[in-house]
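Working notes, beginning with the structure itself.
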Ligand SMILES: Cc1ncc(C[n+]2csc(CCOP(=O)(O)OP(=O)(O)O)c2C)c(N)n1
Ligand code: SF4
Ligand SMILES: [Mg+2]
């Protein structure tokens, strides 16, 4: 069966939900690339190459990994940080889902209601969603595909996301570590990161301690 | 969620927006003496709001959130209306229900939480407008009271349907003319507090939100009685300044006027003997605890 190819946009003001075009989610042990179901192994390689080839690769961690719900989540957060350092990638949190007024600080946060603002502002060309609740990830991924040319990767802990350009499923600690290991391996084979040098911003209670 | 869960993952904490760092460090989760006086000196559990500038609902939210006995173990159930636009900005778990269904949802939720967390007291608090409570949701509201469901119902009474442009509500005053009710209300304001008392609420209070200390006491009473005894109901006058043609600064005066002798919102409470006994004992315990803490402080000093 031919599939609807989930490519980076800008596709349209309101791109169709990939599921409505007949795209299905991967089964355990699988992933999808552009809507095509592939073995998980293939997705690690593609994701790692996309990250290394990007100028502004960025991780968007969501509330499920930002808050210490359990000790296991804290381990995941650590792995995410290590992944960011290894690549290297920026980290910009999707701390919550509220429509912020008057608007978000696009340099240091992303919001599902207008994720395009953060992508445009930082010129992000490849991003990873991780720890974002499914319905909010779906909403954002579609808006990003609609209005930006960013390549989206979902490290989904549930069944995966049709609306990402590439999606893993059942993404646990081991899978985050495996993505990091894949990046490391490619680097050792001579694939160089194209990321523009940056300093990761840092926040305190009273504002930025290391500006974005 | 418990207050132990309101902690950021160490490895990602330094990228979190300042408001969350503040929430973790200075919010009053877990403080059994929390109250309206914390406003200004600790992080509030509402970050922003989406109401009209000066809307009394916003200050009502702030007082209620500051007064909940255990916000970390509370779940709000909201309904469509101006209030529902505020919940995304609130740092307490909340569920948005279909307009009018809030007390049915809360009934199921309270029972489920009691099964799932038998050792933790989980408070359920409904917070909805007058349209949701007394008109479209009256069936669900009253049935939950008849069944003696143990949660609190708070009604933000602005005497009309504000969010949809000013339609007539059961709690609107007789004769009132609104934008979408041009002929004027033809029947009296429904006496919801008396209905609540007769339907089985153990604690009922009607007041405005002009005085934070009163709001704090009423909210604490309502939540604590609902925990131990049965349904409780709080009706708060939060005038819709937009629909009654007031300026942003005039909400407070409107509330004060309505609570003077003979006004619609002179504070009143209906408390069953059982609930009164409980409130008296809680008062005694709190007094004894605070005295013991004070004595201890003096000794250490
Ligand atoms: C089932 C259903 N019926 C009707 C509506 C339309 N509706 C949205 S808000 C509202 C009135 C809200 O009035 P109230 O409960 O008094 O809240 P307020 O906006 O005044 O705070 C209505 C009728 C709806 N959203 N859902
Ligand atoms: S419409 Fe009325 S009740 Fe709603 S936010 Fe505005 S002033 Fe408040
Ligand atoms: Mg109303």
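Protein chains in written order, with this note's numbering: chain A, 1 to 212; chain B, 1001 to 1301.
Ideal Cβ positions, reconstructed from N, Cα and C, are used throughout, including at glycine.
Residue i - DSSP class collapsed to helix/strand/coil
| i | result |
| --- | --- |
| residue 1129 of chain B | strand |
| residue 1111 of chain B | helix |
| residue 197 of chain A | coil |
| residue 1176 of chain B | coil |
| residue 169 of chain A | coil |
| residue 158 of chain A | coil |
| residue 1289 of chain B | helix |
| residue 30 of chain A | strand |
| residue 1093 of chain B | strand |
| residue 1144 of chain B | helix |
| residue 204 of chain A | strand |
| residue 1181 of chain B | strand |
| residue 1167 of chain B | strand |
| residue 1050 of chain B | coil |
| residue 1205 of chain B | strand |
| residue 134 of chain A | helix |
| residue 1214 of chain B | helix |
| residue 1151 of chain B | coil |
| residue 211 of chain A | coil |
| residue 1281 of chain B | helix |
| residue 69 of chain A | coil |
| residue 1041 of chain B | coil |
| residue 35 of chain A | coil |
| residue 1123 of chain B | strand |
| residue 1232 of chain B | strand |
| residue 1191 of chain B | coil |
| residue 1260 of chain B | coil |
Per-residue burial, residue i [other beta carbons within 10 Å of its own, 16 or more giving buried]
| i | result |
| --- | --- |
| residue 74 of chain A | buried |
| residue 1063 of chain B | buried |
| residue 28 of chain A | exposed |
| residue 101 of chain A | exposed |
| residue 1299 of chain B | exposed |
| residue 1184 of chain B | exposed |
| residue 1032 of chain B | exposed |
| residue 1222 of chain B | buried |
| residue 1053 of chain B | exposed |
| residue 1267 of chain B | exposed |
| residue 1213 of chain B | exposed |
| residue 70 of chain A | exposed |
| residue 124 of chain A | buried |
| residue 1281 of chain B | exposed |
| residue 161 of chain A | buried |
| residue 1253 of chain B | exposed |
| residue 1296 of chain B | exposed |
| residue 1117 of chain B | exposed |
| residue 68 of chain A | buried |
Ligand 4 heavy atom lying under 7 Å from the CB of residue i
| i | result |
| --- | --- |
| residue 196 of chain A | In the structure on display, ligand 4 does not appear, and the ligands it does have are ligand 1, ligand 2 and ligand 3. |
Assumed close pair residue i, residue j - CB separation to whole angstroms, cut-off 8 Å
| i | j | result |
| --- | --- | --- |
| residue 39 of chain A | residue 195 of chain A | Going by Cβ atoms, the distance from residue 39 of chain A to residue 195 of chain A rounds to 27 Å, so no, they are not a contact pair. |
| residue 1044 of chain B | residue 1051 of chain B | Going by Cβ atoms, the distance from residue 1044 of chain B to residue 1051 of chain B rounds to 15 Å, so no, they are not a contact pair. |
| residue 145 of chain A | residue 35 of chain A | About 11 Å; that fails the 8 Å criterion. |
| residue 1309 of chain B | residue 1076 of chain B | Within the shown structure, residues of chain B are numbered from 1001 to 1301, placing residue 1309 of chain B beyond reach of any answer. |
| residue 33 of chain A | residue 42 of chain A | 7 Å |
| residue 1008 of chain B | residue 1020 of chain B | 7 Å |
| residue 1102 of chain B | residue 1131 of chain B | 11 Å between Cβ atoms; not a contact. |
| residue 1202 of chain B | residue 1272 of chain B | 5 Å |
| residue 1278 of chain B | residue 1209 of chain B | About 25 Å; that fails the 8 Å criterion. |
| residue 1239 of chain B | residue 1163 of chain B | Their Cβ separation, rounded to whole angstroms, is 14 Å, which puts residue 1239 of chain B and residue 1163 of chain B out of contact at 8 Å. |
Listed from N- to C-terminal order along the chain, which residues in the region 1012 to 1046 of chain B have their beta-carbon within a distance smaller than 7 Å of any beta-carbon of chain A?
Answer in chain order: 1012, 1014, 1015, 1016, 1017, 1018, 1020, 1021, 1022, 1025.
At a Cβ cut of 7 Å, what residues of the region 1068 to 1095 of chain B count as close to chain A, listed as they run along the chain?
Result list: 1088, 1089.
task: Examine the Cβ distances between the region 1111 to 1124 of chain B and the region 1164 to 1180 of chain B and report whether three or more of them are shorter than 8 Å.
output: As far as the Cβ criterion goes, the region 1111 to 1124 of chain B does not touch the region 1164 to 1180 of chain B, which means the pair count is below three.
* Would the region 14 to 31 of chain A and the region 84 to 104 of chain A be scored as touching if the rule is three or more Cβ pairs under 8 Å? -> Because the criterion of three Cβ pairs below 8 Å is not met, the region 14 to 31 of chain A and the region 84 to 104 of chain A do not touch.
_Under 8 Å, CB to CB, which of the residues in the region 194 to 205 of chain A have a partner in chain B?_
Taking 8 Å as the cut-off between beta carbons, the residues of the region 194 to 205 of chain A near chain B are 200, 201, 202, 203, 204, 205, in sequence order.
Check: Pairing CB atoms from the region 200 to 212 of chain A with CB atoms from the region 48 to 55 of chain A, are three or more of them under 8 Å?
Finding: Short answer: they don't touch.
Residues within the region 165 to 185 of chain A neighbouring chain B, beta-carbon criterion of under 8 Å = So the list is empty, because no residue satisfies the distance condition.
### contact_flag[the region 1256 to 1263 of chain B, the region 1076 to 1091 of chain B] where n(CB pairs < 8 Å) is 3 or more
Inter-segment contact for the region 1256 to 1263 of chain B and the region 1076 to 1091 of chain B is absent: fewer than three beta-carbon pairs are separated by less than 8 Å.
- Query: For the region 101 to 117 of chain A, which residues have a CB atom closer than 8 Å to at least one CB atom of chain B, in sequence order?
  - Reply: Answer in chain order: 101, 105, 108, 109.
So does the region 76 to 83 of chain A actually touch the region 158 to 178 of chain A, counting three or more Cβ pairs closer than 8 Å? Cβ pair count under 8 Å is three or more, so yes.
*Given 8 Å as the limit, is there contact between the region 1093 to 1100 of chain B and the region 1181 to 1201 of chain B, that is, 3 or more CB pairs closer than that?*
Judged by Cβ distances under 8 Å, the region 1093 to 1100 of chain B makes no contact with the region 1181 to 1201 of chain B, as fewer than three pairs qualify.
Contact set between the region 22 to 33 of chain A and chain B, restricted to residues whose Cβ is under 7 Å from the partner: Residues: none.
Of all the residues that make up the region 1164 to 1178 of chain B, which are near chain A by a beta-carbon distance shorter than 9 Å? Listed in sequence order: no entries.
Going along the chain, which residues of the region 55 to 79 of chain A sit with their C-beta nearer than 7 Å to a C-beta in chain B? Cβ proximity to chain B below 7 Å picks out 61, 65, 66, 67, 68, 69, 73, 74, 77, 78 from the region 55 to 79 of chain A.
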